[in-house]
Structures are given as C-alpha cells and as structure tokens.
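Q: Dropping a structure here in structure tokens format, bear with me for questions.
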Amino acid sequence: MTIQDHEHLTQLLLTCEPQRSDYILSEPTQREFRQLRLHLEALLQHLDASTGATSKHSTELSTDQQRYTHSSCTWLIQNINVSIAPHKRLPSEIWSEIFVRVTPSRIDFPPPADRRDRWLFPFQTPTAPMTAWKLMQVCARWREIAKMTPELWRSVTISPWRNVSCNDWAGSIKRLVEASREFLTRGTQLLAVRLAIDALDRCSG
Numbered sequence: 001m002t003i004q005d006h007e008h009l010t011q012l013l014l015t016c017e018p019q020r021s022d023y024i025l026s027e028p029t030q031r032e033f034r035q036l037r038l039h040l041e042a043l044l045q046h047l048d049a050s051t052g053a054t055s056k057h058s059t060e061l062s063t064d065q066q067r068y069t070h071s072s073c074t075w076l077i078q079n080i081n082v083s084i085a086p087h088k089r090l091p092s093e094i095w096s097e098i099f100v101r102v103t104p105s106r107i108d109f110p111p112p113a114d115r116r117d118r119w120l121f122p123f124q125t126p127t128a129p130m131t132a133w134k135l136m137q138v139c140a141r142w143r144e145i146a147k148m149t150p151e152l153w154r155s156v157t158i159s160p161w162r163n164v165s166c167n168d169w170a171g172s173i174k175r176l177v178e179a180s181r182e183f184l185t186r187g188t189q190l191l192a193v194r195l196a197i198d199a200l201d202r203c204s205g
C-alpha cells in the first residue's frame, strides 16, 4: 500500500475536522492514519538521506520538489499526531476531574479579560492558574464538560465594574446578575456567591 492509497485521509485532514479536540476518529480510521504516518516517516528518512548525497544515490526529485515533499510530509505527520492523540479518548469524567484539579476553587465574574478596569489585571504571569473561562474556549467538548462540572461553579465572586455612576449602579448590578444566572445554576445545591462592590461614595458622576 502506497501513500497514494491514503489520499482520502489527506483530504480528511485538509478539512481540519480530525484535528479538533472533540472529533474522535473510528478505530479503523486511526489504524489507517498510523499506516500513513509510517509511510510518511519512511519517505522523510529517504529524503533526509538523499540530501547532500552524490548524484548516484540522490533522489530523482529536484531540490524544489524535495523541499515541497519534505514540508508536505512534515505537515501531514504533525496533523496525524494531533488527530489520533490519546487524550481524545479520555472519558468526560476524567476530564472533569482534571479540570477541577487545575482550576482555582473560586471563579470571578465577569472574567478579568472582560472587565473595564483592566488596570487591575495588567498582565498574566506564566504561573497564572487555569480558569473555567479558559477551559471553555478550547473546544465544544471541553466547554460542555466544564459546564457540566458543578465543582467549577460553586464559589463565585461577582465584581461590578468601576467608574459606574450612582444612577447606573443598580442597573449594572442587575445586568451582572442576569448574565451570571446561567452559570450560577451550574453549582447545583452547594453555591457560595460573593458580591464585591466599591463604596457608593466612590461612584463617579
């Protein structure tokens, strides 16, 4: 079986669907991808061996063709590795446990990146903890798992934006509570909510 026999797999990779974290390939398709990867790795070894070799042992491909083939093989191997990555087969229950262990016990709403007072969060250090908000942005599967993991949503701090006029303060609180209603219910029966606000005499306007 040659690489040309796997043309349908190449076309599948070009759709970028198998590379998604929530796209799980069937076992037969995964076996085909492994076979294709073996062919590609062998071709790469042949190309690498022919680089700088004498004309007697060199490949019949021109330099430009070798470069293009090498680049294509590398891209295919990288995307095959992503498509058949072992973590895709982990059950949702395992992902939930991982999410709980890597996230802080308290969640802030709105998320820091969405607040107007960004001067409070000028940067995130490399050691900044993962949050449920970040997990939900990875892929559809992670978003659903995070939403269905109550432990991530049982301690919530709601922080209204600063520099809100006294006249708009009540409306701001109402909008925040309405927006947070959906995820507040994810904490099921055990829920701790903390409302962090400035003193009214600090309202602007």
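Residue numbers (UniProt numbering): 1 to 205.
Note that beta-carbon positions come from the ideal geometry of N, C-alpha and C, so glycine has one too.
Only a predicted model underlies this, so the values are computations on that prediction, with no experimental measurement involved.
Which residue's Cα is closest to the Cα of residue 40: 27, 29, 71?
A: If we check each option's Cα against that of residue 40, 71 comes out closest.
Q: At the level of alpha carbons, what is the spacing between residue 23 and residue 38?
A: Their Cα atoms are separated by approximately 22 Å.
Q: Tell me the DSSP secondary structure of residue 96 in three-state form.
A: Residue 96: helix per DSSP, three-state reduction.
Q: On the DSSP bridge assignment, give the partners of residue 64 in chain order.
A: Partner(s): none; residue 64 has no beta bridge.
Q: Taking buried to mean at least 16 other C-beta atoms within 10 Å of its own C-beta, is residue 86 buried or exposed?
A: Exposed is the call here.
Q: Between the region 92-104 and the region 76-83, do at least 3 Cβ pairs fall closer than 8 Å?
A: No, they do not touch.
Q: Whole angstroms is fine: what's the gap from residue 20's alpha carbon to residue 61's?
A: Rounded to the nearest angstrom, the two C-alpha atoms are 34 Å apart.
Q: Which class does residue 108 belong to by DSSP, given the choice of helix, strand or coil?
A: Residue 108 falls in the strand class under three-state DSSP.
Q: Express the C-alpha separation of residue 34 and residue 28 in angstroms, rounding to a whole number.
A: Cα to Cα, residue 28 sits roughly 10 Å from residue 34.
Q: Cutting at 6 Å between CB atoms, please list the residues of its own chain near residue 122, excluding the five before and the five after it.
A: Any reading at residue 122 is ruled out, since the residue's pLDDT is 42, under 50, leaving its predicted position unreliable.
Q: Taking residue 151 as the reference, give the member of 18, 107, 140 with the closest Cα.
A: Of the candidates 18, 107, 140, the one whose C-alpha sits nearest the C-alpha of residue 151 is 107.
Q: What distance in whole Å lies between the Cβ atoms of residue 84 and residue 25, which are believed to be in contact at a cut-off of 8 Å?
A: 6 Å between Cβ atoms; contact.
Q: Assuming residue 145 is part of the alpha helix (DSSP H), what are its boundary residues?
A: Start and end: 140-147.
Q: With 16 as the cutoff for other CB atoms within 10 Å, does residue 104 come out buried or exposed?
A: It counts as exposed.
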